[in-house]
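Using my numbering, the first residue of the sequence shown is number 1, and each one after it goes up by one.
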Amino acid sequence: MVIPGYTQGVKTAVSIPDPLFEAADRLARRRKMSRSALYAEALERLLAEHTGDDVTAQLDEVYAEQSSTIDEVVIAAQADALREEW
């Protein structure tokens, strides 16, 4: 049996401050959606904003221990290549 507006998924309980719950409840009603759908959308947006964070943190870790300067030989080779006609 399919119930309109209901998607199968993991049920979980979270604790949030009353004012936040009430504001979310009002928004869900205004948007004519369930609280579950609203919370899922909010989490999707937050996760999308932070998708690249792991790569940045990893690069920061690498360059904290290793120089990021370009070797003089590489700089000279790039300069020579740019002077050549293509």
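Glycine included, every Cβ here is placed at the ideal spot set by N, Cα and C.
Owing to the predicted nature of the structure, the values given are computational and were not obtained by experimental measurement.
For residue j and residue i, believed in contact at Cβ under 8 Å, the rounded distance
i   : j   : result
A24 : L38 : 6 Å
A42 : R35 : Actually they are not in contact, since the Cβ atoms of A42 and R35 sit about 10 Å apart, beyond 8 Å.
Cβ-based neighbour list, residue i, same chain, cut-off 6 Å, excluding 5 preceding and 5 following
i  : result
M1 : Its pLDDT being 49, under 50, M1 is placed unreliably by the model, and the measurement read from it follows with that caveat. Here the set comprises nothing.
Option nearest residue i by Cα separation, candidates the options
i   : options               : result
D18 : R26, K11 and T12      : R26
V10 : T51, D60, I16 and A40 : A40
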